[in-house]
Each structure stands twice: as structure tokens, then as C-alpha cells.
Amino acid sequence: EAPQGAVETALAQIWAELLGVERVGRHDNFFELGGHSLLAVQLMSRLPQAVGVELPLTRLFARPMLSDLAESIVEVLSRTGPQDLPAIATVSRDEPLALSFAQQRLWFLAQLDEGSTNYHIPLALRLRGVLDRVAWQRSLDRLFARHEALRGVFVAPEGKPWFEVLPPEAGLPVLEHDLRDRPDAEAALLDLCREEAQTPFDLARGPLIRGRLIRMSDEEHVFQLTQHHIASDGWSMGVLVRELSQLYRAFAAGQDDPLPPLAIQYPDYAAWQRQWLSGERLQSQAQYWRNALSGAPARLALPTDRVRPAQQSLAGASVPIVIDADLTRDLKRLSRQHGTTLFMTVLAAWAAVLSRLSGQDDLVIGVPSANRGRREIEELIGFFVNTLALRLDLSGEPSVSELLARTRRTALAAQEHQDLPFEQVVEIAQPPRHLDHTPLFQVILAWENNAVESLDLPGLSVEAAGEGYDQVKFDLELDLGEDGDQIAGSLHYATALFDEATIERQREYLVVLLRAMVADAGQPVGRIDILPAAERTYLLEGLNRTDADYPSDLCIHELFEAQVRQAPEAVAVVCDDERLSYGELNARANRLAHHLIALGVKPDQPVAICLERSPAMVEGVLAILKAGGAYLPLDPAYPCARLRQVLGDASPRLLLCDAAGRAALGPEALADVTTVDLETATPAWVELPASNPDPRALGLTACHLAYVIYTSGSTGAPKGAKNEHRAIINRLIWMQKAYALNATDVVLQKTPFGFDVSAWEFFWTLLEGATLVLAPPAAHKYPDALVKVILSQRITTAHFVPSMLVSFMDTTGADRCTSLQRLVCSGEALPASVAHKVRRVLPLTALHNLYGPTEASIDVTAWSCPADFDGAIVPIGRPIANTRIYLLDGH
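Heads up: the sequence shown is residues 1 to 891, going by this note's numbering.
Structural data, given as C-alpha cells:
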């Protein structure tokens, strides 16, 4: 149905012009005809002149049908009458010209880093065919003369910058290079491209645009055009390319300049902006951003592959991203159903991916806005773009539909308040300032609705030339736009932080999430599985292929006894001046084991042992295992109340102790359990056989318990973790295959035996014929004491919790502990800074990071630190033999 009335007719004409369609019906929907956020802003900017009304952008989104929007306009006209929107006036060129807010900020940044090339806008084109070089230069010179922004320089005679305009006849400087006779022409071209990229501009002298014309052959040229961002922006590139095409076509045909004169220039806009954005309007916009960003997170905590440099690095790279035609069509349908633009829908998905990666449901994403809300400035080249800080809320398990609604509200509100320059928004929000990341946000989404048009030059084919994207201003920059029937672009990233493989995974997460969104808009976003099928298979199956053989039918002490038979004279335990051979240790443990058997110890029965670190402790642990029991370690350094709590919960039949153990437990606890004193002068078991007890005669198998270790559970109350012989044997056999201990190794036993790490310190050492050195009872608390032991005993293997490892590395003499072949960390998260310190202090020592709960036989994952490790996060590694891991989120 054709438009009716003057308002509908005027609207239809604007729609047809903006959307590139011949006819518009009164029931047509602006967005279904191809409208998007940027075209919506342009539509709003044309209304005052066309129908005498200013409308907020939200009105178009609320009433996108032509007849409905016209009705809104008529309602406003009936209340207020036609509104007169004053045009942007020209200002005198005889007075100093003011900078726009954006120019002022960029000028200030340029003063801080005068040789910087961070704000260059490059364009490189390969032109094939016969180039009319005179017409080409004339076209460039005319562009230069036409746009004062390109002729501007910035002077500051008294410290305050002013804008001056070079004369139009100055011309656009173009260097020419002839590589026709060079056999290495392409390599020379790359050198020239790099040289161009690395050449800074002088803001005070200008010009702030320059070109290079490189002749590769008679019918092939490469043209480089570089502008400073203070003179141009992304939209301006579209204007430049379009006008360059028109000018070259005319001049090559011998015609005059076909472009209509410009009503205003960039300095006029800059003066108008400072006058317009003041008073109540300024306060209103400032208050919006103050409220919107109050309490916003200062950083998006994305996991990175490397430690964030102390000062932000701008080195970048990119991966391409293409959303195919089918998915693009579905996304457009989803957008129509929810009253969003394609940009808003992709923004919601990108926010959901970032939320999943960071674990944050409150995040800020930067969005460049063309900031061309006035009709007069659409055809100008200049620095208009503003960056909006969009705060996305993913709290409360929103569905896809709800997230789209939230994103729509946020994006529209930001667009309504897009005039306040970003630098002023930062001043209002006052985020913490750090040199290692940008304020307010570290990730942006740029939607290129005004993608640079292809140069349409008679007699020439044109394609992009030059090197790829090598600079970023943020951690991640997602740059997308419609490309035919697809969405295409790039995901740019800071190479100081991310590996290419990481970014490729992020790209896949986004595409998978978008597919899920169009499949079911009612599902909670947080429950969408964003893993591509291949990665899911890898994580669930590939990483968990850990099957390995191990002696699952033997007990720990049987493997120890096999080592005794192999080398009975080898030194098993060293404690101060005392040394025990494998044969001596085994004989002592066997005699005590026979005594425990006589006292009624049975399989799966806990036997408590409360001793200070000593050979008797090792002897007692082995004896309990040989007797068929499960040892229950009690650290005499623990508070009496906790020890009694454990005894009361475990109800052990027997207690092995020394003087320290008796003192720690107290007479009341000792009265409730049969006690075996390992310090007695004439032990009852001294005459008992030194032979190995037979596990089969005891009914003992590898499926019975080896130990019970009490940890502080989530409630704070001690909770017993039980582990079988076969589980700890699997752990020890894996450890030996991974780290290859041998008979020449010396292992430090310093972990209190109430912690599970002590189990591998004992048994890995004794199963492989190495020597176990017992640290003095309290030495594990004192780094200097540990340095002394490591140096004197030539320790090759030691365990540290990361917090203690820091203290150890800072201790005088730690760098001389070069006998250490392997350091094992577990018990706490290992900070990357600590790993880096180990690499510096002991560069030849292997560092291994292990993780696992006590209930799962000490550790279930492991990672070995490479010599050149520079990561930001120390991984916990992959599952060990015969274990599987599953990483779960809150769902």
C-alpha cells in the first residue's frame, strides 16, 4: 500500500534513499528492508529538515513500520508544531580554530609519544591496468583541497592546541617508486610498506595524509595512502574512496570536478560541537554515563596465554571470521522477532562468550559509533567517531530472548547519549588507571555498516595489497559487518597476550553460540554448550585417554619388598647422622608388623600413628601396611582438640606414638586406645621374625585401604579420605614413568605426614631404590633450614607448596641448590610469577605442577614447566594414568 499524506510520503523518500530501494509501502518495516543502527541514526538526522521533528532513536525501534513512525511524527507536530533545528554555521577562518573533543584527546596522547605510529589509518591498493597517473594525482590533490580536515595541522604556541589549515594548492604529497627492473620487486614492496607504516607524522607541520605510488610494471601499481586518525576515521575512508572514484573517472575522461561543494568543513563542526554540547545537554549526557558505569568492573578477566606486560603492547594479529549465509539469514530472522539489529544480536552473543570465558556476568564492551547524527557532516572527512562503553548484564540466568532485550535497551540508551566524548566518559567513570590495559574496557566490537566501497576506476581492477593487521589498541577487537549475504570480518588480538589457537577457539565459540541462539531463543544463555564438536570430543575423550598398565594386584609394601630384594644394602633413609639400609628398614618394619598382627590388626582397619618426623615414623607406616592395616597419620604439631576429634571419628584399634605424640594427645585421649610406644627401650617385637608377612595369609589385597588422611572439609570439621593400595600404586607408577627417579636420587621428606603429599615422598622413593632424607621435625617451616639440608645432602627431588616455594626462592643460597633436578608443586595454585622466578633462580631444575584432591590419591593432573615459559597462568595440566577429568562451570 502506497504512503498516504505528506509525512508518510516524506518518510518514504528518505527510506528509499537510505535503503537503496525504489519503492516503500506504508506497512513496510525499516529493519526488514535492510535498516540497521547506523542507517537509523541517519534517518533520525534527516527528520528535522524533512518534517520539522526531532525524534529519539528508541521511537524508530518501537515503531519501525512506516505508517506507525509517521503517526508518531504527527503526534509530536500536533503538540509542538514544526521544530527548527539550527544548521551548523561556518566560523571565521581569521580566528584560531578550535579542536573537536576527540581531536584534543588524540593530540594530547600524541604529545606523550611523539614518534608513535599507533594512530595511523593505512590503505594499500593494487591497481592492475593502465593508470592515468596525471588524473590520479589530480584526484588526490582535489580531495586534499576539498576537505580541510586533511589539510589541518595542530599548533600550540602557548601550550594550547589550535587547528590551522594548509592552503588548498599545497597538494597531497605522493612519493613515487619504480620497481619495474627489480627482480625482488615483491620483497622491495614489503620493505616500502613497512617503511611507510613506521614513518610518523608531524602534527604541527603536516600534511597528515600522504601517499606512495609504487610502479611494479607498466600495467601494475601499488598505491599506499596513510592518514593520521586525528584527520580521519572509518566512515571518512568510505567518503574518500567514493569521491576518489568519482574524481578519477571525471579527470581521466577530461571532465571537470563532478562533486558538489561542501556547505561546512570540519572546523565548523568542531566549533559547533563545543557550543552544542554544553549546559543542560552536557549535564544530562554526563549523568547518564555516570549512572550506567557506576560500579562497573575495571577489567574483563579473560584467561590469557602469557603474563600481561607491565605496559600495554600494541602488537597484534588477526584471524578471519565468516558467518555463512544460512546462519546470517537465521540471525536476521531472530533480530526481526526481537526488535534488534544484527549488530545488537551479535553483540549479545559476543558478550555471552566473553562472560563464559571470564566468569563475569557484568562486563563492558567498547563499541565505536560513527557519531554522524547531523545531515551536514555525512559527506565530510574528519575525526568524528566516538567510542561507547556498553555495559552488558548477564546476571540471573537470562534466556536468549531476555539477553537480546537487555542488549537492545543498553545499545539504544548508549546511542541516545553518544555525543559525550569518550575521554569525558572516562573522567566521569574514573576507573582505576593502569599502564597494562585500557580503561573501562579491553574488548571492542566494531560493526562496519559503512564498509569501504571498492574503488570503481575505469580501466583498472583494484584489490587490497600490503601486509596484514599488526597493531591493536585493545586486547580483543571483533570487527564484523555484512558482506553480501554473509557476515564477515576479523578477530584482532594482542599477540603479547594470546596465541592464535586461543583466538581461533574463541571464534568457534561465537559461531556455535549464534547457531544455538537461532535454534532456541527460550533457552538460558548460560546453559548453551559453546564447545564445537571437535573440541568437545577432544576435552571429554582425547584428554581422557589415559589407560595404562600397572600392578593393580599388589600392595604398596610388596613393591617395597621387591626393591629390598634387589638392593638390600642401599641406603633407604637418612636422618641427621642415622642411616638405614633397605634391608635394615624392612627388617625393623617386619618385626613391628608381626607385633601388630598379634594385636589383632586386620585389613581396612585404621591404625593411628602420631610421631615426629624420624626413622621410626617410616618404620611405623610400613609396619601398619605390612600388618594389613591402613595408617592414620596424626601430626603431633596439631592442636590437641583436632587430634582428639580425628581419633573420635576414626576409632582406630591401635595408636603408634612417641613422646611427642603422647604429649600432643594428652592422657585423656591415650586412655581410650591401645598404645604402642615406638620409643620404648625394650620393644616387645625385637625378637619377632624379620620375615615379610604374607598378605594372602592376612586376607590382604590391593583393594584394601592403605591410609586414611583427614582433611578439613568444607565445614571445617576434619573429614577422613580413604585410599586403597591399588589407587596409590597407580599414582606412584605414573609418577615414575613421568619423572624417572633412580637409585642415585635423593628425595627430601619434609611434608608433615598428615598431608597426602608425604605419601609419595615416602613410597615413590622407597619403591625405586632412591634415598629418603628426613628433614628435622619443624624444618618445613623455615626456608633457610631447607637450603641447608638440600645443600648438605645433595637433594635431587623436593616438594613445595607455592607459598613456601616463594620464600625458598627468596632465601640466601637458594640459587646454589643446583643438585635439585626436580621441584614438585601442589597443594595451592602456582602463580605464574613463582614459576618465572624458579626459571630464573634455578634454570636447570625441572618444575612440575600437580593438582588433585586427597580423596583421589594425591594428584590427578600434572604439568611440566618448559624452560621458556612466559605464560600468565600456570596450567594444572592433563590427567595422569587411569584418571579422567571433567571441567564444569556453574551449570
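For every residue, glycine included, the Cβ atom is placed at its ideal position computed from N, Cα and C.
Looking at the DSSP output, Y707 bridges to Y631, N723.
Exclusion of the five residues before and after L767 leaves L559, F560, Q563, L732 as the residues of its chain whose Cβ lies within less than 7 Å of its Cβ.
In the displayed model, I209 falls within a strand according to three-state DSSP.
Only residues of its own chain outside the window of five on either side were considered, and among them C825, G827, E828, A829, L830, P831, V834 have a CB closer than 8 Å to the CB of P802, listed in chain order. Pairing L140 with G211 gives a Cβ-Cβ distance under 8 Å. When secondary structure is reduced to three states using DSSP, H836 falls in the helix class. Here DSSP, grouped into helix, strand and coil, assigns A778 to coil.
The residues A521, G522, Q523, P524, V525, in chain order, have a CB closer than 8 Å to that of S399 in the same chain once the five nearest residues on each side in sequence are set aside. With a cut-off of 8 Å on Cβ pairs, the stretch 307 to 316 is not in contact with the stretch 409 to 422, counting fewer than three such pairs.
The criterion of a C-beta distance shorter than 8 Å is not satisfied by V462 and L334. Secondary structure of Y493 (DSSP, three-state): strand. The Cβ atoms of V757 and H725 lie no closer than 8 Å to each other.
For the beta strand (DSSP E) assignment, the uninterrupted runs of no fewer than 3 residues enclosed by the stretch 217 to 299 are, from N- to C-terminal side, 220 to 228. Between the C-alpha atoms of D672 and V618 there is a straight-line separation of about 25 Å.
Around the C-beta of G295, fewer than 16 other C-beta atoms lie within 10 Å, and the residue is accordingly described as exposed.
Note on geometry: alpha-carbon atoms of P683 and L665 lie some 21 Å from one another. Of the candidates R375, T304, W136, the residue whose Cα lies closest to the Cα of L354 is T304. According to the DSSP assignment, A351 belongs to no beta strand (DSSP E) but to the alpha helix (DSSP H) extending over 342 to 358. Proximity to A697 across V91, P667, Y707, H594 peaks at H594, based on C-alpha coordinates. Taking every protein chain shown into account, the CB of D191 has fewer than 16 other CB atoms within 10 angstroms, so this residue is exposed. Its chain contains Q486, A488 as the residues whose beta carbon lies nearer than 7 Å to that of V322, once the 5 sequence neighbours on both sides are disregarded; these appear in chain order.
Per DSSP, S335 is one residue of the alpha helix (DSSP H) stretching across 325 to 338. Separation of G34 and L327 (C-alpha to C-alpha, rounded to the nearest whole angstrom) is 17 Å.
When the five nearest sequence neighbours on each side are left out, the beta carbons in the same chain lying within less than 7 Å of the beta carbon of H36 are those of T341, L342, F343, N449, in order along the chain. When the five nearest sequence neighbours on each side are left out, the beta carbons in the same chain lying within less than 7 Å of the beta carbon of F422 are those of N386, T387, in order along the chain. When beta bridges are read from the DSSP output, F154 appears opposite F163. The Cβ atoms of L543 and L445 do not sit closer than 8 Å to each other. The shortest CA-to-CA distance from A252 to any of V130, C610, L262 is the one to V130.
The three-state reading of DSSP puts I377 in helix, counting H, G and I together. Around the beta carbon of T680, a 10 Å sphere encloses fewer than 16 other beta carbons of the protein chains shown; the residue is thus reported as exposed. Contact between the stretch 574 to 589 and the stretch 618 to 627 is established, with three or more Cβ pairs separated by less than 8 Å. Under the rule that a run must span 3 or more residues, no beta strand (DSSP E) segment is found entirely inside the stretch 65 to 95. In the same chain as I264, and ignoring 5 residues on each side of it, the C-beta atoms closer than 7 Å to its own belong to I88, T90, E376, in chain order.
For G628 and G890, the gap between their C-alpha atoms comes out near 42 Å. Checking the DSSP bridge columns, you'll see P718 partnered with S712.
Per the coordinates, the alpha-carbon of A370 lies some 24 Å from the alpha-carbon of A494.
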